[in-house]
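Numbering (my numbering), first residue to last: 2 to 117.
See structure below.
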Amino acid sequence: MLVWRGKGLLVLVSGMLGGLGVGLISGALESTNMATLLQTGITLIVFGLVSAGINYLFCKYFISKEKRVFVDEQTLQQVEVKDRSALFFIPNRIWTYIYGIFFVGLGLFQLIDYFI
2 MLVWRGKGLL VLVSGMLGGL GVGLISGALE STNMATLLQT GITLIVFGLV SAGINYLFCK
62 YFISKEKRVF VDEQTLQQVE VKDRSALFFI PNRIWTYIYG IFFVGLGLFQ LIDYFI
């Protein structure tokens with residue numbers, strides 16, 4: 002079961018678009034006679050960078066950093082509301098770092114394993 006709040010599904014969209022980018026790269030890499038570990042490492046790094054970049058752009062343009070202020074008519078109390086978009090209870094902005102660090106790290110481990 003997926004759990005999201007607000008525009009949390011943009012994280013999944015950025016992952017899917019990153020997967021499309023990786024599909025293009027891996028299709029080009031398969032035409033070469035490159036080792037499987039090397040191909041996997043490169044595709045993981047590309048997936049992490051493309052997904053993190055797309056998620057960063059989504060957060061920059063679709064998720065507001067500003068707080069909206071509402072006034073309760075009965076008590077005249079001001080209430081500040083900010084965008085709390087999240088996927089699996091993790092804010093969208095944090096997913097940029099997860100995509101970048103996790104998948105680039107996995108790709109680097111694959112490359113290290115290939116060269117050592």
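Even glycine gets a Cβ: it sits at the ideal position worked out from N, Cα and C.
Note that the coordinates shown come from a computational prediction; the quantities given were computed from them, not determined experimentally.
Length of the line joining the Cα atoms of residue i and residue j
i: residue 46; j: residue 112; result: 10 Å
i: residue 72; j: residue 85; result: 19 Å
i: residue 110; j: residue 42; result: 7 Å
i: residue 106; j: residue 61; result: 24 Å
i: residue 63; j: residue 82; result: 16 Å
i: residue 6; j: residue 34; result: 44 Å
i: residue 32; j: residue 13; result: 29 Å
i: residue 88; j: residue 10; result: 7 Å
i: residue 57; j: residue 36; result: 32 Å
i: residue 77; j: residue 69; result: 15 Å
i: residue 96; j: residue 75; result: 39 Å
i: residue 30; j: residue 40; result: 7 Å
Beta-bridge pairing of residue i - partner residues as DSSP gives them
i: residue 79; result: 72
i: residue 96; result: Answer is none; residue 96 lacks a bridge partner.
Presumed contact (8 Å Cβ cut-off) between residue i and residue j, rounded CB distance
i: residue 52; j: residue 100; result: 4 Å
i: residue 26; j: residue 44; result: 6 Å
i: residue 114; j: residue 50; result: Rounded, the Cβ-Cβ distance is 20 Å, inconsistent with contact.
Exposure of residue i, with buried meaning 16 or more beta-carbon neighbours within 10 Å
i: residue 65; result: exposed
i: residue 8; result: buried
i: residue 116; result: exposed
i: residue 90; result: exposed
i: residue 24; result: exposed
Extent of the continuous alpha helix (DSSP H) to which residue i belongs
i: residue 86; result: First-last for residue 86: undefined, no H or E at that position.
i: residue 37; result: 37 to 63
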